[in-house]
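Sequences listed follow chains S and G, in order. Be aware that the first sequence starts at 452, since it is given in our numbering, and climbs by one per residue. Be aware that the second sequence starts at 16, since it is given in our numbering, and climbs by one per residue. Just so you know, even glycine gets a beta-carbon here, dropped at the ideal spot from N, CA and C. Read through the structure below, which is laid out as structure tokens, and then see the notes.
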Amino acid sequence: MIGGIKNFKGVLVFSLLTLASINLAGCSSQPSTQAKGKSISVWHWMTDRQTAFEELAKRYEAATGVKVNFELYAPSDAYSQKVRAAAQGINLPDIFGILGEKRDFSSFIKAGHILDLTSYMNENDQAWRNIFFPKALALNEFNEDNSYGINTGTYGVPIDIMTIQMLYNKDLFKQLGLDPEKPPVTFQEFIDIGKKIKETKLQGMVSGWGEVWMIDCLANNYAFNIMGKDKVLATIRGEVSYTDPDWIEVLGLFEKMRNSGVLSDGLISMVNKTAEQLFANGKAVFAFNGSWCVNVYKGMNPNLNYASMLPPKVSDKYPMAIWGGAGSSFMVNARGQNKEEAVKFLKWFSARDQQTYLSEKTNNLSANKECVGSISEVLSQFAKSMDFATHPNIWGVSEFPAVIEALDKGIQTIILGEKTPEQVAAEVQKVKVRELDKKKNK
Amino acid sequence: MNTSFYYKTKKISINVLIHAFLLAVAVTCLFPLLWMIASSFKTQETIFSDISLIPKQFHFMNYWIAIKECDFGRYFLNSIFYTVSVVCGIVIVSSLAAYAFSRFKFPGKNIFFYMFMAAMMIPIPGSFVALYILLNKLHLRNTPLGYILCMINVGLSTSIFLLKTFFDKMPKELEDAARIDGCSKLGIWWHVALPLSGPVLAVVVVFNALAVWNEYILALIIFDTKTSMPLQVALQTFQGEFVTNYPLLMAGLTIAAVPIIILYLVMQKYIIKGVTQGAVVG
């Protein structure tokens, strides 16, 4: 034992000497990542895109002589912490992305970290602005009446977009005696397929409804379809009650889906990874998922034969809506030394050729609408649905988190058969009134 | 006869129950490790379709691709360097501090000690932004020294607590004898206290080595250059926002787990002894 300790002491002394010498070397290093001269630094969290980004950086350097360093910091929560810390230390790179809600985005703008890109977007008859899906750009914009106190303008460049919609397995459609090229268009057709699924050992619709926000997403889609955007927003403002017959109809759809067998077993506690696995392995007929799933399914089962479709509509009165537009964006550091170079690079980077390459390599949906024709069929289907896309971030009003929680949990109880749509509607309205009172008293 | 049979049966039944329980705990602990190793030999496709622990086909290439794709060698050496440096730093500072808290009388001794103990309660991620700004002001951000100092700080509280508990119960006669032989205070720490605290030091070494080896969030925040990052940061490159390359990630994690398993195996005989040293010192 004592011999061991003597050895330990020796190791300790040796390590200390090594530590001192290497740390001194570490202190003398010049760690600046701020671009100097013709060099731009970009921070991002998109692991699956790093190789493609590096290839594009090489092409840009070959074309312009400007070196672009894409620095990957993953996972995304650690990246967010790094960006926040760097902002406080005024160490942000030339180009970076912000993860989180619009209020996080606005706090960076207020602190003077993000360059207003409006003038660049509007140059040459809005040439740069016009290449993007308007709904993708909308998430990077602040309108006149925004509640964050930000000057009207465009503060970010969208790189990719997402839409959340339904998918169906074509092979399982054939197995059920259905035409794989004709997905259900109406809610009744969808419910009827549920009855066929019930007769087999197949699973119905799978989704990450254990992560409740996806329930909220589908409920909102149908709310837009049944009562229209204005009435949905009026409900959020507190002008329409959740006990309104239209809302009860929305909640009733979940009861109908449960009764028909179109929903998978255990759906309400299912995480999205499990849902993706079930759909990719051909065990579920339908999935409700985001456009990122194209990449996920490709990894899990490259031979999966599937297509996307809009959630089957209930009414013809208002168009069906899907959540979409929210994707990744890049911002330019307003305090950076290479602002102009950074903007030039983003213009080049967001152009059709580069975005097509990126889409092909990463299976993500480009924010550049000119790329739609040159991407895979399923991705193209997702992109074409952008016309139906909406997102809570662009509504201008937001629902109380407690109300969203009550609605989502209420829908879960409907699916479990524990409560009726009327009961859930009454409970949600009760929470809404309580939250409105709290707000008034403040 | 009947009584003997009753007690024998009771003993066997209790043993069976205890062993079944321990076996269940062991399987629960080992399963993630076995799944990691099994998955490291599969393809991305088979991970989701073949759930068995023995793959139908072994893809040894996953290891080579993982090593090649994330520049494993450099990051591995970085991790070794950070782990050795931080553990040495913690051992020296915490043993000196614990010895002082245990044996010396100085103003504010208890307040300082309780402050260290209170630091154990602070969640580390909560202090990241503050640490970043502090290091930035000291011009230590993006330097190995900055990272090592932060990690030493993170590991001090628990280590001081463990060592102080040991030193409190160490016989004073040993120190008196050393003092008579002409040892200074530092000499007593070096020649008497440290050699006797071997098992506790083993615990301090293993716990802190594990913490440093697996740390990546602080490294990600402090370092801007890839060349200084530890191995765990490099492994994150296989984990995407929506898509994770499981075979390569699992291959990388399997290799990364080897040094820490070796360290644990080498030191395991001291660990149980060390953890219980607080109760009995002799």
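Here the alpha carbons of T180/G and Y279/G stand approximately 23 angstroms from one another. Between N756/S and chain G, the shortest Cβ-Cβ separation is not below 8 angstroms. What L523/S touches in chain G, judged by beta-carbon distance under 9 angstroms, is K241, Q251, T252, going in chain order.
From the beta-carbon of T498/S, the residues of chain G found nearer than 9 angstroms are Q251, T252, F253, Q254, G255, E256, V258, T259, N260. Take K649/S, set aside five residues on each side of it, and the residues of its chain with a beta-carbon closer than 7 angstroms to its own are G712, in chain order. Under the three-state reduction of DSSP output, L523/S falls in the strand class. With respect to the C-alpha of S172/G, the residue from W204/G, Y261/G, I139/G, L153/G having the closest C-alpha is I139/G. Less than 8 angstroms separates the beta-carbon of P635/S from that of P763/S. Using a CB distance cut-off of 8 angstroms, P526/S counts as an interface residue toward chain G. DSSP assignment within the region 581-656 of chain S yields the following whole beta strand (DSSP E) runs of 3 residues or more, N-terminal first: 615-620.
For W799/S, the enclosing alpha helix (DSSP H) has its first and last residue at 790-800.
Judged by beta-carbon spacing, G778/S lies beyond the 8 angstroms limit of A840/S, meaning their Cβ atoms are not closer than that value. Across the region 747-776 of chain S, CB contacts with chain G closer than 8 angstroms involve V747, G750, M751, N752, P753, in sequence order along the chain. Identification of chain G residues near G540/S by a Cβ-Cβ cut-off of 8 angstroms yields Y147, I148, N151, R156, ordered along the chain.
Listed along chain G, the residues sitting closer than 9 angstroms to W743/S by beta-carbon distance are E256, F257, V258.
Under the Cβ distance rule, S199/G does not count among the residues neighbouring chain S, no pair being separated by less than 8 angstroms.
Taken through DSSP and simplified to helix, strand or coil, F121/G comes out as coil. The region 168-203 of chain G contains, as complete alpha helix (DSSP H) runs of 4+ residues, the segments 187-195, 200-203 (chain order). Contacts with chain G at 8 angstroms (Cβ-Cβ) include N732/S. For the pair F705/S and I855/S, the CB atoms are not nearer than the 8 angstroms cut-off.
Going by beta carbons, T605/S and N594/S fall outside the 8 angstroms limit. In terms of Cβ geometry, V101/G and G170/G form a close pair [threshold 8 angstroms]. H34/G counts as exposed, since fewer than 16 other C-beta atoms from the protein chains shown sit within 10 angstroms of its C-beta.
CA-to-CA, the gap between G202/G and L111/G works out to about 11 angstroms. The three-state secondary structure of Y757/S, taken from DSSP, is strand.
Taken in chain order, the members of the region 704-733 of chain S whose beta-carbon sits within less than 7 angstroms of a beta-carbon on chain G are Q728, A731, N732. Judged by beta-carbon spacing, F75/G lies within the 8 angstroms limit of F56/G, meaning their Cβ atoms are closer than that value.
The alpha carbon of T240/G has as its nearest neighbour, out of S117/G, V144/G, Y162/G, the alpha carbon of Y162/G. Taking a Cβ-Cβ cut-off of 7 angstroms, the neighbours of R535/S in chain G comprise V144, given in sequence order. For S817/S, the pairing in a beta bridge is given by DSSP as D611/S. Restricting attention to P245/G, L164/G, F176/G, the CA atom closest to the CA of M136/G is found in F176/G. With respect to F36/G, N746/S sits apart: the two C-beta atoms are not nearer than 8 angstroms. For S780/S against V608/S, the beta-carbon gap comes to about 6 angstroms, under 8 angstroms, which counts as contact. Of S54/G, K284/G, A81/G, Y78/G, the smallest CA-CA separation from I69/G is found for S54/G. From the beta-carbon of F63/G, the residues of chain S found nearer than 9 angstroms are E727, Q728, A731, N732, G750, M751, N752.
Here the region 218-237 of chain G makes contact with the region 141-157 of chain G; the two share three or more CB pairs at distances below 8 angstroms.
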